[in-house]
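Asks: If you're matching positions, the sequence shown starts at 1 in the numbering used here and goes up one per residue.
Here a beta-carbon is modelled for each residue, glycine too, at the ideal position from N, C-alpha and C.
Next up is a structure, given as structure tokens.
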Amino acid sequence: MTETTGSTATPESGNPEGADGAAGTTPAEGEEKALSRRERKRAARAGDKKSGKRGKMGPFARIGLFYRQIIAELRKVVWPSRSELTQYTTVVVVFVVVVMAFVAGLDYGLSKLSLLIFG
Numbered sequence: 001m002t003e004t005t006g007s008t009a010t011p012e013s014g015n016p017e018g019a020d021g022a023a024g025t026t027p028a029e030g031e032e033k034a035l036s037r038r039e040r041k042r043a044a045r046a047g048d049k050k051s052g053k054r055g056k057m058g059p060f061a062r063i064g065l066f067y068r069q070i071i072a073e074l075r076k077v078v079w080p081s082r083s084e085l086t087q088y089t090t091v092v093v094v095f096v097v098v099v100m101a102f103v104a105g106l107d108y109g110l111s112k113l114s115l116l117i118f119g
């Protein structure tokens, strides 16, 4: 079985590891069961002397991990082109001006009404 880096799906079924029922089969005699990447990682972690579910990381390691995850997420973002950005900005500015004019009109009208009522 070949694995693509970063993929948890098996090529045969497209299902996550162990979800296709293959994990329940027993290997033939004299043949060892091939470990999945997840099982290999768990076995490697079992030798760690750190306590807790994932082990304790130092504060700088956690900060580094946090920023690596931010960069990875930003690489997934589909950024707008210059023309799309200009169009979106124009729509927002026009909407804000219209809402400001509406609120200013209400304010002016209600202030004149209150002056008529209360003198």
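Using beta-carbon positions only, say whether P80 and Y67 come within less than 8 Å of one another.
Replies: No, they are not a contact pair.
Asks: At the level of alpha carbons, what is the spacing between L149 and I117?
Replies: Nothing can be reported for residue 149: it is not among the residues displayed for the chain, which extend from 1 to 119.
Asks: Once you ignore the five residues that flank R45 on each side, which residues in its own chain have a CB closer than 6 Å to its CB?
Replies: Contacts found: none.
Asks: When the Cα atoms are used, what is the spatial distance from V96 to V103?
Replies: In a straight line, the C-alpha of V96 is about 11 Å away from that of V103.
Asks: My output table needs one value for P80: the three-state DSSP class, helix, strand or coil.
Replies: Of the three classes helix, strand and coil, the one that applies to P80 here is coil, per DSSP.
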